[in-house]
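In the working numbering, the protein residues as written are 37 to 302. For every residue, glycine included, the Cβ atom is placed at its ideal position computed from N, Cα and C. Worksheet: the structure to be examined is printed underneath.
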Ligand code: NAI
């Protein structure tokens, strides 16, 4: 550490430390949720690692604790409203509050608009990726309000900003996440809670693992200025930056983390 970094507190009044904060991350057994839990824990955050996948959350919590961080596993299906209320209350009680909510859980749910069973796919996509987020927010609100730096960070997608063919349930739900973020940023700002949204581009996670490598490479060369898929950790660090006390004036922002995909015009 340089002398300047040592003396940082003399040059800025805002804190870049997350030590002692508490966070709840959904969909934390895999991909970006796992990476976000690890990055937050490495910054001194006590993390509630939640997911449908019980083995997955246990192993993520164990790997964080083995590395000296603080994490606990909580089974949570974000499509289950009663479970959301119970888990958020239990986490807040156990941690003595809640500072950061990361609404990350998601599934790859798409179908052509005239497909049989389309409405079931549509409802499931909205239940998990949009209604689940607002239910988590409603349950967490009283706890976030008591924090001196309450943060809601919703994970949307570049599909929340544009559209790919044949996946309208996913795309519409992710556009909904962007709208929910902006709406609640306006509503909750006066209560001292910021609401922001991250829109990942193509990232190597469980969700994209079935796409053959040559398809990924072809897509990345054509669409992504950085010419590659991103790593989950590259998104997790942006999420952790939004959680910083110093990010106190960031509210209602919709932030692409996509290697330049949405900036590219040709
Ligand atoms: P992933 O498949 O690696 O992880 C998603 C996690 O969500 C899994 O552990 C899964 O068990 C969990 N999950 C699914 N349904 C759930 C439910 N009902 N309740 C609780 N947990 C549930 O996928 P990834 O990529 O890390 O996804 C994280 C978020 O990022 C999702 O919202 C996804 O839509 C979004 N995203 C992913 C992109 C990518 O290229 N991988 C691009 C843009 C957005």
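Q: Kindly list the residues whose CB is nearer than 7 angstroms to the CB of residue 241, restricted to its own chain and excluding five residues on each side of it in sequence; keep chain order.
A: Contacts found: 66, 67, 68, 268.
Q | Nearest residue (CA-CA) to residue 139, options 84, 297, 88, 172 | A | Comparing alpha-carbon positions, the option among 84, 297, 88, 172 lying closest to residue 139 turns out to be 172.
**Q.** Where the beta strand (DSSP E) containing residue 186 begins and where it ends
**A.** In the DSSP annotation of this structure, the continuous segment of the beta strand (DSSP E) that includes residue 186 starts and ends at 186-191.
Q: Measure from the alpha carbon of residue 256 to the alpha carbon of each residue in 114, 131, 296, then state which is nearest.
A: Taking residue 256 as reference, the option from 114, 131, 296 with the minimal CA-CA separation is 296.
Q. What is the DSSP secondary structure of residue 292, counted as helix, strand or coil?
A. Strand at residue 292.
Q.
By the three-class DSSP mapping on this structure, what secondary structure does residue 79 have?
A. DSSP places residue 79 outside both helix and strand once states are collapsed to three, so it counts as coil.
Q. Do residue 66 and the ligand NAI come close, with the Cβ less than 7 angstroms from some heavy atom?
A. True, at least one ligand heavy atom lies under 7 angstroms from that Cβ.
Q) How many angstroms separate the CA atom of residue 196 from the CA atom of residue 166? A) Straight-line measurement puts the Cα of residue 166 at about 11 angstroms from the Cα of residue 196.
Q. Relative to the alpha-carbon of residue 120, which residue among 142, 146, 86 has its alpha-carbon at the smallest distance?
A. With distances taken between CA atoms, residue 120 lies nearest to 86 out of 142, 146, 86.
Q: Kindly list the residues whose CB is nearer than 7 angstroms to the CB of residue 148, restricted to its own chain and excluding five residues on each side of it in sequence; keep chain order.
A: Exclusion of the five residues before and after residue 148 leaves 202 as the residues of its chain whose Cβ lies within less than 7 angstroms of its Cβ.
Q: Less than 8 angstroms between the CB atoms is what I'm expecting for residue 243 and residue 144, so what's the real figure, rounded?
A: Yes, they are in contact, since the Cβ atoms of residue 243 and residue 144 sit about 5 angstroms apart, within 8 angstroms.
Q | Residues that DSSP places opposite residue 106 in a beta bridge | A | Per DSSP, 82.
Q | Assigned exposure category for residue 211 - 16 Cβ within 10 Å defines buried | A | Under this definition residue 211 is a buried residue.
Q.
Can you confirm whether the segment 219-233 touches the segment 183-194 when touching is taken to mean that 3 or more C-beta pairs between the two stretches lie within less than 8 angstroms?
A. Yes: at least three Cβ pairs fall under 8 angstroms.
Q. Residue 204: beta carbon under 7 angstroms from a heavy atom of the ligand NAI?
A. When distances are taken from the beta-carbon of residue 204 to the heavy atoms of the ligand NAI, even the shortest one reaches 7 angstroms or more.
Q) In its own chain, which residues sit with a C-beta less than 7 angstroms from the C-beta of residue 114, not counting the 5 before and 5 after it? A) Scanning its chain for C-beta atoms nearer than 7 angstroms, with the 5 sequence neighbours on each side dropped, one finds around residue 114 the residues 62, 120, 141, 164, 168, 172, in chain order.
(Q) With DSSP as the reference, identify every bridge partner of residue 232, one or two as the case may be. (A) Beta-bridge pairing by DSSP links residue 232 to 189.
Q.
If you reduce the DSSP assignment to three classes, tell me which class residue 222 lands in.
A. If DSSP states are grouped into helix, strand and coil, residue 222 belongs with the helices.
Q | Chain-order list of residues whose beta-carbon lies under 7 angstroms from that of residue 102 (same chain, five-residue window excluded) | A | Contacts found: none.
Q. Assuming residue 215 contacts residue 237 under a Cβ cut-off of 8 angstroms, what Cβ separation, rounded to an integer in Å, is found between them?
A. Wrong, their Cβ atoms sit about 20 angstroms apart, outside the cutoff.
Q.
Tell me the rounded alpha-carbon separation between residue 52 and residue 282.
A. C-alpha separation (whole angstroms): 6 angstroms.
Q) For residue 280, is the beta carbon positioned less than 7 angstroms from some heavy atom of the ligand NAI? A) No - the ligand NAI has no heavy atom lying nearer than 7 angstroms to the Cβ of residue 280.
Q) Using a threshold of 7 angstroms, is the CB atom of residue 62 nearer than that to any non-hydrogen atom of the ligand NAI? A) For the ligand NAI, at least one heavy atom lies less than 7 angstroms from the Cβ of residue 62.
Q. Roughly how many angstroms separate the alpha carbons of residue 108 and residue 179, rounded to a whole number?
A. Cα to Cα, the separation comes out at about 18 angstroms.
Q) Okay, do the segment 246-265 and the segment 217-224 touch, 3+ Cβ pairs below 8 angstroms being the bar? A) No contact exists between the segment 246-265 and the segment 217-224.
Q) So what's residue 205 in DSSP terms, helix, strand or just coil? A) Reduced to three states, the DSSP call for residue 205 is helix.
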